[in-house]
Structure formats: structure tokens, C-alpha cells
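Our numbering puts the first residue of the sequence shown at -4, with every later residue one more than the last. Right, one structure below, let's go through it.
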Amino acid sequence: MATRAQINEELRQNISTLVGRIGADLIPQLRDATARDTGYHSSRWVGRIGGPPASRDTPNTRSGRAASLSFGQQNASISAVRSFRLGQGPVFVSNDGNFIEKLNAREGGFVQSTVESVVRGVSLAGTTLRR
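Shown next, in the form of C-alpha cells:
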């Protein structure tokens, strides 16, 4: 029989795993759900632990528009969020595109439905709590 300390530690690990998976799965799902006519906005989804990402919306001197993020930058944020552990602070997934709120409204609340879908789809497959 597991001790209280062992159960608490397993619970902390499982919660950390779930939160990390939700955050990490959410970024590519939101990227894919963002309307393709706004590739700029789909490239702006990033995650961070502890607080929202600082705005990356700096103008590109040639076009006057902010540059899109690279998939490498998005993937780095996915890896960071996936490694979440309780006690590090909240997990944020955000988009600093200028019109993301209007786009979300235009597209029928795709952000909310994507979040709901990811949360429903994440599981602790392969993990068990000792009794």
C-alpha cells in the first residue's frame, strides 16, 4: 500500500503531466484552427509558464507589419509548456496578433471550441495511481 507522501507525489506528477499536455497540445491545434487567410495570426500562438508571453508584435521595418514567428519558436514554447511542473506558476497559451479577438468572433469562437476539444482529448494514458 502506498504512503500518503507517495500518493501526493504521484498526484502532483499526474497533474503536472496533464497540464503540460494540454498546453503543449493546444498550441498546434490553435495554429491549425486559425483561418489560413491569416497565416500571420496562426503563427502567433505561443505558450509560456509563469505569465503571459511579452508582446512580440514589433513592426517589420520593410512592411510595417510584425514578422510571423517561426515554427522553431512555436516548437520551443511547446517543449517548455510540456515540461510544466506544479509550483512553476500558471501556463499561458496566447496570441498577440492585432486582430485575433475579431478573428475568433468571426470564426464562431474557434479558440473556445479548440480549448474544449483539447481538454477533452488529453488523458493520462500509461499512468496509474497506486491504491
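The beta-carbon is built from N, C-alpha and C at its ideal position, and this holds for glycine as well. Please read all numbers here as calculations on a predicted model, not as lab measurements.
Residue i versus residue j: straight-line alpha-carbon distance, rounded
| i | j | result |
| --- | --- | --- |
| residue 72 | residue 42 | 5 Å |
| residue 24 | residue 4 | 30 Å |
| residue 29 | residue 82 | 31 Å |
Residue i classed as buried or exposed, judged by whether at least 16 other C-beta atoms fall within 10 angstroms
| i | result |
| --- | --- |
| residue 37 | buried |
| residue 26 | buried |
| residue 21 | buried |
| residue 79 | buried |
| residue 70 | exposed |
| residue -2 | exposed |
For residue i, the three-state DSSP class (helix, strand or coil)
| i | result |
| --- | --- |
| residue 105 | helix |
| residue -3 | coil |
| residue 12 | helix |
| residue 115 | helix |
| residue 67 | helix |
| residue 75 | helix |
| residue 19 | helix |
| residue 30 | coil |
Per DSSP, cross-strand counterpart(s) of residue i
| i | result |
| --- | --- |
| residue 90 | 40 |
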